[in-house]
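J.:
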Amino acid sequence: MLELTYPISMQDNFGRNINSLRISVTQRCNLKCFYCHKEGQDATDGEISPPEIEKIIEISAKLGMTKLKLTGGEPLLREDVCDIIQRASNHIHDISLTTNGTLLDQYCAELKDAGLKRVNISLDTMDSQKYKMITKTDALPQAIAGIEAAVANDLTPVKLNMVVMKGINDSDIEDMIHFIADNDDIILQLIELETSDISNEIYKRYHHDFTLIEGWIRRRGLRVQERELHHRCKYFIENGGGISEVEIVRPMHNTTFCKNCTRMRVTSDGKLKPCLLRGDNLVDIIEPIRNGASDEELTEMFKKAILLREPFWA
């Protein structure tokens, strides 16, 4: 594999090093989760091509970004997703992908060969009836098969993204902790419901107080580890003879989360998005690419977007 070297990452006006790029490659999805924030993006029919995505990644790598996450929608609905990963690996080696897992079993080996390192799999419950209520599908067996395939193909650690919703799946946390206890390659991420792109009614009805959840997890933890990203806490819990790793993701009203955010986002139609929870400061980079802008001009657009970043929760 080509050895890559990176410059020191750029800082925004608040001293945060921007070392991570998160690209939504599609808004299409084969599930219909009612709470989905769609990466904070309005509906669009446009998708950017693999060469265009590669150019964005190339510029970001020159600015010191060393981590790439591909998201959606459901990225595996793109037939060219392996081409995207292959191109990305020319510039960044730390490549991960967020998926609902239902198509993962079919593509794991190809994704690994293309250069994918890890996956996050969205799974809010192990209960088939609740899964159907949340996603409007009966695809739980396929999602579980995707988890097993990811572990078998060493796309690890596999992170299970569980969005906790009051009265829906908050009683399933224990089952999820038990599910991962016997597998060191799986980490559970408990994610707070966000306001982005859902109605206030849904948010008020289903948002769960994460102070209570994290307190319960903390009391059970054998030890705790703080990650660099958002200063998230990861707890190690003894469960049935195994150890479960549980990470807490609390974006709402969380100044620590914002203070330690190191990401730049790209929408599926090619706009730089400085903040998940804002849509009023986007920087269009795809039109300049299509109009033949130089690397120097594109670099300046990235710098502009980075300097537009400011903590949403301050």
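Here this note's numbering runs 414 ahead of the position in the sequence shown, where the first position is 1. From the three backbone atoms N, C-alpha and C, an ideal C-beta is built for every residue, glycine too.
(1) Let me know if Ser542 comes out buried or exposed under the rule of 16 or more other beta-carbons within 10 Å of its beta-carbon.
(2) Measuring CB atoms only, is the segment 586-593 touching the segment 531-542, in the sense that at least three cross pairs come out at less than 8 Å?
(3) What separation, rounded to the nearest whole angstrom, lies between the Cα atoms of Phe428 and Leu418?
(4) Specify the secondary structure class of Ile651 as computed by DSSP and reduced to three states.
(5) In terms of residues, what are the limits of the alpha helix (DSSP H) holding Asp508?
(6) Looking at Thr676 and Ile729, is the spacing between their C-beta atoms short of 8 Å?
(7) Taking the runs of the alpha helix (DSSP H) that are 4 residues or longer, which of them lie wholly in the segment 546-633?
(8) Going by beta-carbon coordinates alone, are Ser510 and Arg532 separated by less than 8 Å?
(9) From which residue to which residue does the alpha helix (DSSP H) around Ile662 run?
(10) Could you give the distance in angstroms between the alpha-carbon of His621 and the alpha-carbon of Ala707?
(11) Would you list the residues sitting across from Glu640 in a DSSP beta bridge?
(12) At 4 residues or longer, and completely inside the segment 675-704: list those alpha helix (DSSP H) runs for me, N to C.
(13) The beta strand (DSSP E) with Thr713 in it runs from where to where?
(14) Just verifying my parser: in three-state terms, what is the DSSP assignment at Gln543?
(15) Alpha carbons only, please: which of Glu461, Gln441, Asn444 and Leu445 is nearest the one belonging to Asp683?
(16) Near Asn534, which residues of its chain fall below 7 Å by C-beta distance, leaving aside the five closest residues on each side in sequence?
(17) Below 8 Å on the Cβ atoms is my guess for Asn597 versus Ala557; work out the distance and round it to an integer in Å.
(18) From Leu525 to Ile467, what distance separates their C-alpha atoms?
T.: The short version:
(1) Along the sequence shown, one-based indexing puts residue 542 at 128. So Ser542 ends up on the exposed side.
(2) yes
(3) In the sequence shown, the residue the question calls residue 428 occupies position 14. In the sequence shown, the residue the question calls residue 418 occupies position 4. Each residue's Cα considered, the two are about 28 Å apart.
(4) Along the sequence shown, read from residue 1 onward, the residue named residue 651 stands at position 237. Strand, per DSSP.
(5) The residue you call residue 508 lines up with position 94 of the sequence shown. That residue, Asp508, is in no alpha helix (DSSP H); its beta strand (DSSP E) goes Asp508 to Thr513.
(6) Residue 729 cannot be examined here, being either before or after the span of the chain that is shown, 415 to 728.
(7) 554-566, 587-594 and 614-620
(8) By one-based count along the sequence shown, residue 510 stands at place 96. By one-based count along the sequence shown, residue 532 stands at place 118. Yes; because the gap between Cβ atoms is below 8 Å, this pair is in contact.
(9) For the purposes of this step, residue 662 is taken as the residue at position 248 of the sequence shown. It is not in any alpha helix (DSSP H) - Ile662 instead sits in the beta strand (DSSP E) that spans Gly656 to Val663.
(10) Taking the first residue of the sequence shown as 1, we reach residue 621 at position 207. Taking the first residue of the sequence shown as 1, we reach residue 707 at position 293. Cα to Cα, the separation comes out at about 44 Å.
(11) Within the sequence shown, numbered from 1, the residue matching residue 640 stands at position 226. Bridge partners of Glu640: Cys647.
(12) 700-704
(13) One-based indexing of the sequence shown puts residue 713 at position 299. Thr713 -> not in any beta strand (DSSP E); alpha helix (DSSP H) instead, spanning Asp709 to Leu721.
(14) Mapped onto the sequence shown, residue 543 falls at position 129. Here Gln543 sits in helix by DSSP.
(15) Sequence index remark: in the sequence shown, residue 683 carries index 269 (1-based). When each option's Cα is compared against that of Asp683, the closest is Glu461.
(16) The residue given as residue 534 occupies position 120 in the sequence shown. Closer than 7 Å at the Cβ level, and outside the excluded window around Asn534, lie Ser510, Thr512, Lys573 and Asn575.
(17) As a working note, residue 597 is residue 183 in the sequence shown. As a working note, residue 557 is residue 143 in the sequence shown. The pair is not a contact, with the Cβ atoms about 15 Å apart (cut-off 8 Å).
(18) The residue you call residue 525 lines up with position 111 of the sequence shown. The residue you call residue 467 lines up with position 53 of the sequence shown. Spanning the two alpha carbons is a distance of roughly 17 Å.
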